[in-house]
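*Asks:* Once you've had a glance at the structure underneath, I'll fire off some questions.
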Amino acid sequence: MSDETNKGLLSPLRRKLLMGMAAVPAITMLPRTSFAQTPATSAVNTTGLAVTDTEVTVGILHSATGTMAISETGSIEAEKLAIEQINAAGGVLGRKIKFIQEDGASDWPTFAEKAKKLLVNDKVAAIMGCWTSASRKAVLPVVEQYNGMLYYPTFYEGLEQSKNVIYTGQEATQQILAGLNWIAKEKGAKTFFFIGSDYIWPRTSNKIARKHVENVLKGKVVGEEYYPLGNTQFNSVINKIKLTKPDVIFTDVVGGSNVAFYKQLKAAGIDLAKQPLLTISVTEDEIDGIGGENIAGAYACMKYFQSLDNPNNKAFVPAFKKMWGEKTVIGDVTQAAYLGPWLWKLTVEKAGSFDVDKIAAASPGVEFKGAPEGYVRIHENHHLWSKTRVGRAKLDGQFELIYETADLVEPDPFPKGYQ
Amino acid sequence: MTDNRFFNRSELIGILVLAVFLVAVLPLTLDVFRLNLVAKYLTYAFVALGLVICWGYGGILSLGQGVFFGLGGYCMAMFLKLEASSVENTKIQSTPGIPDFMDWNQLTALPFFWKPFHSLTFTVAAIVLVPGIFALIIGTAMFKRRVGGTYFAIITQAVAAILTILIVGQQGYTGGINGMTDLRTLKGWDIRPDHAKIALYFFEVGCLFVCIMIAQFVRHSKLGRILVAMREKEDRVRFSGYSVANFKIFAFCIAAVFAAVGGAMFALNVGFMSPSFVGIVPSIEMVIYTAVGGRLSILGAIYGTLLVNFAKTSLSETFPELWLFGLGGLFIAVVLAFPNGLAGIWGDYVQPRIERLIASRKPKPEGWTDGSVADGAPAE
Numbered sequence: 001m002s003d004e005t006n007k008g009l010l011s012p013l014r015r016k017l018l019m020g021m022a023a024v025p026a027i028t029m030l031p032r033t034s035f036a037q038t039p040a041t042s043a044v045n046t047t048g049l050a051v052t053d054t055e056v057t058v059g060i061l062h063s064a065t066g067t068m069a070i071s072e073t074g075s076i077e078a079e080k081l082a083i084e085q086i087n088a089a090g091g092v093l094g095r096k097i098k099f100i101q102e103d104g105a106s107d108w109p110t111f112a113e114k115a116k117k118l119l120v121n122d123k124v125a126a127i128m129g130c131w132t133s134a135s136r137k138a139v140l141p142v143v144e145q146y147n148g149m150l151y152y153p154t155f156y157e158g159l160e161q162s163k164n165v166i167y168t169g170q171e172a173t174q175q176i177l178a179g180l181n182w183i184a185k186e187k188g189a190k191t192f193f194f195i196g197s198d199y200i201w202p203r204t205s206n207k208i209a210r211k212h213v214e215n216v217l218k219g220k221v222v223g224e225e226y227y228p229l230g231n232t233q234f235n236s237v238i239n240k241i242k243l244t245k246p247d248v249i250f251t252d253v254v255g256g257s258n259v260a261f262y263k264q265l266k267a268a269g270i271d272l273a274k275q276p277l278l279t280i281s282v283t284e285d286e287i288d289g290i291g292g293e294n295i296a297g298a299y300a301c302m303k304y305f306q307s308l309d310n311p312n313n314k315a316f317v318p319a320f321k322k323m324w325g326e327k328t329v330i331g332d333v334t335q336a337a338y339l340g341p342w343l344w345k346l347t348v349e350k351a352g353s354f355d356v357d358k359i360a361a362a363s364p365g366v367e368f369k370g371a372p373e374g375y376v377r378i379h380e381n382h383h384l385w386s387k388t389r390v391g392r393a394k395l396d397g398q399f400e401l402i403y404e405t406a407d408l409v410e411p412d413p414f415p416k417g418y419q
Numbered sequence: 001m002t003d004n005r006f007f008n009r010s011e012l013i014g015i016l017v018l019a020v021f022l023v024a025v026l027p028l029t030l031d032v033f034r035l036n037l038v039a040k041y042l043t044y045a046f047v048a049l050g051l052v053i054c055w056g057y058g059g060i061l062s063l064g065q066g067v068f069f070g071l072g073g074y075c076m077a078m079f080l081k082l083e084a085s086s087v088e089n090t091k092i093q094s095t096p097g098i099p100d101f102m103d104w105n106q107l108t109a110l111p112f113f114w115k116p117f118h119s120l121t122f123t124v125a126a127i128v129l130v131p132g133i134f135a136l137i138i139g140t141a142m143f144k145r146r147v148g149g150t151y152f153a154i155i156t157q158a159v160a161a162i163l164t165i166l167i168v169g170q171q172g173y174t175g176g177i178n179g180m181t182d183l184r185t186l187k188g189w190d191i192r193p194d195h196a197k198i199a200l201y202f203f204e205v206g207c208l209f210v211c212i213m214i215a216q217f218v219r220h221s222k223l224g225r226i227l228v229a230m231r232e233k234e235d236r237v238r239f240s241g242y243s244v245a246n247f248k249i250f251a252f253c254i255a256a257v258f259a260a261v262g263g264a265m266f267a268l269n270v271g272f273m274s275p276s277f278v279g280i281v282p283s284i285e286m287v288i289y290t291a292v293g294g295r296l297s298i299l300g301a302i303y304g305t306l307l308v309n310f311a312k313t314s315l316s317e318t319f320p321e322l323w324l325f326g327l328g329g330l331f332i333a334v335v336l337a338f339p340n341g342l343a344g345i346w347g348d349y350v351q352p353r354i355e356r357l358i359a360s361r362k363p364k365p366e367g368w369t370d371g372s373v374a375d376g377a378p379a380e
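Right, dumping it as structure tokens:
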């Protein structure tokens with residue numbers, strides 16, 4: 001139902017009639033066959049969401065300003081691309097997606113305020129948004145209270161599960177365990193040194209990694225250090241690394257700190273070609289800032305790399321670059337953000353309704369075969385089944401795929417034995 | 001002209017107008033979502049009010065009011081978080097019955113300093129006393145040594161930075177950078193539904209007026225005049241035999257307590273507390289609210305807070321990628337063109353005209369001469 005003339009046909013009166021006769025097949029009343037795919041609004045939207053006969057509104061809620069803007073911009077771009085592609089392919093239940101973008105401004109309460117605005121004022125059918133755990137924690141009570149649907153793209157620490165959230169990124173065990181197994185086997189690694197930024201995600205991730213190293217791999221953690229967000233002085237920890245000579249440096253330092261960390265590692269004479277380093281926090285986006293020459297040789301554990309060689313990704317990367325410029329890079333989270341609108345569309349079509357309760361119930365089992373990372377499926381716990389991959393950073397800022405799990409890894413946000 | 005202890009005639013009118021605006025106009029014209037936003041803005045008005053006394057009258061520029069806002073807010077949030085972390089609500093955790101972030105940080109028991117926050121009475125006392133005593137300590141340490149002006153401002157900034165780092169670093173005890181989220185009930189009363197939001201709004205407005213009255217009282221008392229005298233010529237006040245330090249400490253403590261009440265209201269109204277309200281940037285923002293409203297005017301500070309926050313929300317909704325520039329432009333314009341803020345504009349341009357208009361209708365206003373009272377400009 002793309003042409004404007006159809007709008008006139010659905011006069012308010014007719015819409016009322018349709019509502020009153022939800023039981024009667026709507027198509028018989030309408031002259032155009034294109035309506036066959038477009039179920040009546042009253043039938044697919046029983047809770048007063050912003051759904052009309054031609055449009056459905058969703059919200060995009062990321063930081064366009066502030067310190068997180070550099071990371072979240074990729075997610076915004078990916079979500080807009082997905083929405084455009086869905087619209088070009090006919091929309092969702094015959095309705096075009098319209099989006100309202102709000103700025104969380106890297107400020108967690110602002111995220112909560114804007115989420116509330118999107119749900120209460122704009123009645124959006126779903127929100128694609130949040131990036132940091134802090135912003136998600138701020139938004140979570142809001143989406144639960146007003147029964148919204150949030151598609152959250154970032155890999156995160158787990159320990160959470162909500163009817164109102166679909167986590168399109170990996171939770172901690174999905175990201176970490178396979179990578180540690182691989183490096184232990186490949187490099188015969190026994191000793192590990194952990195370095196992280198000081199907040200919930202690195203702390204929880206390292207806790208899981210430590211249990212895995214000690215209990216499963218029978219190795220040893222020889223050091224564990226945390227630095228405040230934005231820290232740029234890593235000399236003391238680098239000295240400790242030189243002293244303890246770990247088999248593997250395992251890092252989850254985030255954001256701008258990475259630039260200082262890798263430059264200082266290099267300046268201290270630690271050659272990543274010889275000293276294995278496994279990071280779970282550096283994607284192509286971060287390398288843009290770090291510089292390929294400073295990090296080449298490091299291993300990253302993700303579920304997606306821009307260089308992945310599969311037909312979906314070969315269509316996705318050029319489409320993204322065409323929309324947002326040749327120079328843009330696509331990191332793990334950007335790809336996960338791209339999944340959000342698509343998964344929502346597929347779930348709405350499976351449920352045959354925009355109602356949040358029906359979407360939440362229909363989500364488990366929804367599969368997206370067109371995912372750039374290959375194939376994903378939503379688990380009963382609202383996380384995604386996806387593969388874990390290890391890539392090696394190259395000079396040009398891209399990753400070379402070294403290893404991937406044979407099967408999809410089951411999401412396990414509350415891992416037994418790791419808490 | 002009668003000068004009672006609280007306000008003169010034009011101030012009385014001003015307060016009544018504000019009361020009608022907050023109690024009747026806004027609740028009748030705004031939906032619950034917007035009203036709750038106003039409630040959030042008004043929490044900063046408490047801070048701005050304190051800054052009028054401390055900075056506007058006392059001349060003590062504090063760039064660390066976020067510290068007190070945060071202390072008040074965290075006290076309230078701790079109480080609410082404990083109530084939200086009942087064993088029943090947290091049975092999914094390894095240790096049920098403690099706040100979720102403690103569980104994530106492998107704490108297995110409630111830390112000792114959290115325990116008193118099971119009591120609402122203790123919490124309310126702590127909201128006032130903790131920041132009050134903290135301000136007393138900082139104030140005593142600084143003012144007794146005659147540290148003032150820029151140095152004092154820098155030290156307050158340092159305190160704000162230190163407290164932020166402390167909160168972020170001790171995440172097992174404080175919730176770290178995520179803050180304390182998901183606050184639900186106050187003594188069993190759900191603070192999240194619409195009717196609760198409305199009730200909390202009116203409660204907050206009530207508290208705000210109590211604080212306005214206290215501020216008015218300070219301003220009109222001898223104390224207020226000494227503060228102004230101190231601001232203008234500190235040595236002369238000292239040589240007259242007054243203990244300058246004690247007056248400064250008092251002004252700073254009052255500002256701290258107002259800020260803390262604001263912080264507690266914030267936790268109640270927004271259901272949230274995080275270190276992003278404690279640091280340097282929010283502290284400076286709070287000073288900007290006061291500057292835009294007019295640092296010499298009690299009511300101006302409240303309107304300034306509302307205006308800046310409204311601008312912030314509406315600009316960011318309309319131009320999600322450009323709004324910060326607009327906001328920056330607004331600040332520069334106000335400070336360059338109108339150093340006394342909104343209250344200055346009102347006092348210099350609007351009010352004289354209104355008075356002239358009234359005066360031309362009423363040929364002889366009894367006992368009240370034109371222009372002798374200008375709201376916003378210091379009466380002194």
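Top to bottom, those sequences are chains G and U.
When you line the first sequence up against full-length UniProt numbering, it's residues 1 to 419, in that order.
When you line the second sequence up against full-length UniProt numbering, it's residues 1 to 380, in that order.
Virtual Cβ for every residue (Gly too), placed ideally from N, Cα, C.
From this set, U:Ile177, U:Pro27 and U:Asn8, which residue's C-alpha is nearest Pro202 (chain G)'s C-alpha?
*Replies:* Counting from 1 along the first sequence, the entry for residue 202 (chain G) is found at position 202. Taking only the C-alpha atoms, the option nearest Pro202 (chain G) is U:Ile177.
*Asks:* Looking at Phe213 (chain U): is its Cβ nearer than 8 Å to the Cβ of Ala77 (chain U)?
*Replies:* Taking the second sequence and counting its residues from 1, one reaches residue 213 (chain U) at position 213. Taking the second sequence and counting its residues from 1, one reaches residue 77 (chain U) at position 77. The amino acid occupying residue 213 (chain U) in the given sequence is Met; Phe does not appear at that position. No, the Cβ-Cβ distance between Met213 (chain U) and Ala77 (chain U) is not below 8 Å.
*Asks:* At a CB-CB cut-off below 9 Å, which residues of chain G make contact with Trp189 (chain U)?
*Replies:* As a working mapping, residue 189 (chain U) is identified with position 189 in the second sequence. In chain order: nothing, as chain G lies at least about 15 Å away.
*Asks:* For the region 145-176 of chain U, enumerate the residues whose C-beta is nearer than 8 Å to any C-beta of chain G, in chain order.
*Replies:* The region 145-176 of chain U vs chain G, Cβ under 8 Å: Ile165, Val168, Gly169, Gln171 and Gly176.
*Asks:* Can you tell me whether Trp189 (chain U) is buried or exposed, with buried defined as 16 or more other CB within 10 angstroms of its CB?
*Replies:* The residue labelled residue 189 (chain U) in the question sits at position 189 within the second sequence. The residue in question, Trp189 (chain U), is exposed, as its Cβ has fewer than 16 Cβ neighbours within 10 Å.
*Asks:* Would you mind reading off the limits of the alpha helix (DSSP H) that contains Lys242 (chain G)?
*Replies:* Position 242 of the first sequence, counted from the start, is the residue given in the question as residue 242 (chain G). Asn235 to Thr244 is the span of the alpha helix (DSSP H), which, as asked, contains Lys242 (chain G).
*Asks:* For the region 228-312 of chain G, list the alpha helix (DSSP H) runs that are entirely contained and at least 4 residues long, ordered along the chain.
*Replies:* Runs of the alpha helix (DSSP H) inside the region 228-312 of chain G: 235-244, 257-267, 284-290 and 292-295.
*Asks:* By the DSSP assignment, the alpha helix (DSSP H) with Tyr201 (chain U) in it spans what residues?
*Replies:* As a working note, residue 201 (chain U) is residue 201 in the second sequence. Asp194 to His220 is the span of the alpha helix (DSSP H), which, as asked, contains Tyr201 (chain U).
*Asks:* Taking the beta carbon of Ala406 (chain G) as the centre, do at least 16 other beta carbons fall within 10 Å, making it buried, or is it exposed?
*Replies:* Stepping through the first sequence from its first residue, residue 406 (chain G) is reached at position 406. Counting Cβ neighbours within 10 Å, Ala406 (chain G) comes out exposed, since fewer than 16 surround it.
*Asks:* Does the count of Cβ pairs from the region 276-283 of chain G and the region 213-222 of chain G closer than 8 Å reach three?
*Replies:* Not touching, per the Cβ criterion.
*Asks:* Hey, would you say Pro372 (chain G) sits closer than 8 Å to Tyr403 (chain G), going by beta carbons?
*Replies:* Start at 1 with the first residue of the first sequence, and residue 372 (chain G) comes out as number 372. Start at 1 with the first residue of the first sequence, and residue 403 (chain G) comes out as number 403. Cβ distance not < 8 Å, so Pro372 (chain G) and Tyr403 (chain G) don't count as in contact.
*Asks:* Show which residues of chain U have a CB atom less than 8 Å away from the CB atom of Leu140 (chain G).
*Replies:* As a working note, residue 140 (chain G) is residue 140 in the first sequence. The answer, in chain order, is Thr181 and Asp182.
*Asks:* Taking just the CA atoms, how far does Ile200 (chain G) sit from Lys230 (chain G)?
*Replies:* For the purposes of this step, residue 230 (chain G) is taken as residue 230 along the first sequence, with counting starting at 1. For the purposes of this step, residue 200 (chain G) is taken as residue 200 along the first sequence, with counting starting at 1. Here the sequence assigns Gly to residue 230 (chain G), which means Lys is not the residue at that position. So the alpha carbons of these two residues sit roughly 15 Å apart.
*Asks:* With burial defined as no fewer than 16 other Cβ atoms inside 10 Å of the residue's Cβ, what is the status of Gly149 (chain U): buried or exposed?
*Replies:* Translated into positions along the second sequence, residue 149 (chain U) becomes position 149. That one is exposed.
*Asks:* In the structure shown, what three-state DSSP assignment does Ala126 (chain G) receive?
*Replies:* Walking along the first sequence from the start, residue 126 (chain G) turns up at place 126. In the structure shown, Ala126 (chain G) sits in coil (DSSP, three-state: anything other than H, G, I, E or B).
*Asks:* Quick check on Leu346 (chain G): buried or exposed, where buried means 16 or more other Cβ atoms within 10 Å of its Cβ?
*Replies:* For the purposes of this step, residue 346 (chain G) is taken as residue 346 along the first sequence, with counting starting at 1. Leu346 (chain G) is buried by the Cβ-count criterion.
*Asks:* Report the rounded CA-to-CA distance for Ile13 (chain U) versus Leu28 (chain U), giving the unit in angstroms.
*Replies:* Taking the second sequence and counting its residues from 1, the one referred to as residue 13 (chain U) is at position 13. Taking the second sequence and counting its residues from 1, the one referred to as residue 28 (chain U) is at position 28. If you take the alpha carbons of Ile13 (chain U) and Leu28 (chain U), they lie about 21 Å apart.
*Asks:* Along the alpha helix (DSSP H) that carries Gly50 (chain U), what are the first and last residues, could you check?
*Replies:* The sequence position of residue 50 (chain U) within the second sequence is 50, counting from 1. Note, Gly50 (chain U): alpha helix (DSSP H), Val32 to Leu51.
*Asks:* Would you check if the region 87-107 of chain U and the region 162-176 of chain U touch, i.e. whether three or more CB-CB distances between them fall below 8 Å?
*Replies:* Enough Cβ pairs lie closer than 8 Å, so yes.
*Asks:* Of the residues that make up the region 267-293 of chain U, which ones have a beta carbon closer than 8 Å to any beta carbon in chain G?
*Replies:* Correct list: Val270, Gly271, Phe272, Ser274, Ser276 and Phe277.
*Asks:* Cβ atoms of Glu400 (chain G) and Arg392 (chain G): under 8 Å apart, would you say?
*Replies:* In the first sequence, counting from the first residue as 1, residue 392 (chain G) sits at position 392. In the first sequence, counting from the first residue as 1, residue 400 (chain G) sits at position 400. Yes, Cβ-Cβ distance for Arg392 (chain G) and Glu400 (chain G) is below 8 Å.
*Asks:* Using 10 angstroms around the beta-carbon of His195 (chain U), count the other beta-carbons present and answer buried if the total reaches 16, otherwise exposed.
*Replies:* Position 195 of the second sequence holds residue 195 (chain U). With fewer than 16 other Cβ atoms within 10 Å, it is exposed.
*Asks:* Select from G:Gly397, G:Gly129 and G:Glu186 the residue whose C-alpha is nearest the C-alpha of Lys327 (chain G).
*Replies:* Taking the first sequence and counting its residues from 1, the one referred to as residue 327 (chain G) is at position 327. Checked all of G:Gly397, G:Gly129 and G:Glu186; the closest Cα to Lys327 (chain G) is G:Gly397.
*Asks:* In angstroms with no decimal places, state the Cα-to-Cα distance between Asn8 (chain U) and Trp346 (chain U).
*Replies:* The residue you call residue 8 (chain U) lines up with position 8 of the second sequence. The residue you call residue 346 (chain U) lines up with position 346 of the second sequence. Those two C-alpha atoms are separated by around 17 Å.
*Asks:* According to DSSP, is Lys211 (chain G) helix, strand or coil?
*Replies:* Sequence index remark: in the first sequence, residue 211 (chain G) carries index 211 (1-based). The answer is helix: DSSP assigns Lys211 (chain G) an H, G or I state.
*Asks:* Taking Cβ to Cβ, would you say His382 (chain G) is nearer than 8 Å to Tyr167 (chain G)?
*Replies:* In the first sequence, the residue the question calls residue 382 (chain G) occupies position 382. In the first sequence, the residue the question calls residue 167 (chain G) occupies position 167. It is a contact, given that the beta carbons lie within the stated cut-off.
*Asks:* I want to verify the contact list: residues of chain U whose CB lies under 7 Å from the CB of Trp108 (chain G), in sequence order.
*Replies:* Here residue 108 (chain G) corresponds to residue number 108 of the first sequence, with the count starting at 1. Chain U residues near Trp108 (chain G): Gly179, Ser274 and Ser276.
*Asks:* Over the uninterrupted beta strand (DSSP E) stretch that includes Asp103 (chain G), give me the two end residues.
*Replies:* Here residue 103 (chain G) refers to the residue found at position 103 when the first sequence is read from its first residue. Counting along the chain, the beta strand (DSSP E) containing Asp103 (chain G) begins and ends at Lys96 to Asp103.
*Asks:* Helix, strand or coil for Tyr349 (chain U), going by three-state DSSP, please let me know.
*Replies:* The count along the second sequence starts at 1 and reaches residue 349 (chain U) at position 349. It is helical.
*Asks:* Listing by chain order, which chain G residues have their CB less than 8 Å from the CB of Leu37 (chain U)?
*Replies:* Here residue 37 (chain U) corresponds to residue number 37 of the second sequence, with the count starting at 1. Result: Glu113.
*Asks:* By the three-class DSSP mapping on this structure, what secondary structure does Ser135 (chain G) have?
*Replies:* Position 135 of the first sequence, counted from the first residue, corresponds to residue 135 (chain G). Of the three classes helix, strand and coil, the one that applies to Ser135 (chain G) here is helix, per DSSP.
*Asks:* Residues of chain U with a CB under 9 Å from the CB of Ser133 (chain G): which are they?
*Replies:* Translated into the one-based positions of the first sequence, residue 133 (chain G) becomes position 133. Residues of chain U passing the Cβ test: Ile177 and Asn178.
*Asks:* For Ile97 (chain G) and Ala319 (chain G), what's the separation of their Cα atoms in angstroms?
*Replies:* Within the first sequence, the letter at position 97 stands for residue 97 (chain G). Within the first sequence, the letter at position 319 stands for residue 319 (chain G). Approximately 19 Å between the Cα atoms of the pair.
*Asks:* Can you give me the C-alpha to C-alpha distance between Lys40 (chain U) and Leu16 (chain U), rounded to a whole angstrom?
*Replies:* By 1-based counting over the second sequence, the position of residue 40 (chain U) is 40. By 1-based counting over the second sequence, the position of residue 16 (chain U) is 16. Distance between the alpha carbons of Lys40 (chain U) and Leu16 (chain U) is about 22 Å.
*Asks:* Between Leu82 (chain U) and Ala135 (chain U), what straight-line distance do the alpha-carbon atoms span, to the nearest angstrom?
*Replies:* Taking the first residue of the second sequence as 1, we reach residue 82 (chain U) at position 82. Taking the first residue of the second sequence as 1, we reach residue 135 (chain U) at position 135. Roughly 26 Å between the two C-alpha positions.
*Asks:* Using 8 Å for Cβ pairs, my map puts Val47 (chain U) next to Gln65 (chain U). What's the rounded Cβ distance?
*Replies:* Walking along the second sequence from the start, residue 47 (chain U) turns up at place 47. Walking along the second sequence from the start, residue 65 (chain U) turns up at place 65. With 8 Å as the limit, Val47 (chain U) and Gln65 (chain U) qualify as a contact, their Cβ atoms being about 5 Å apart.
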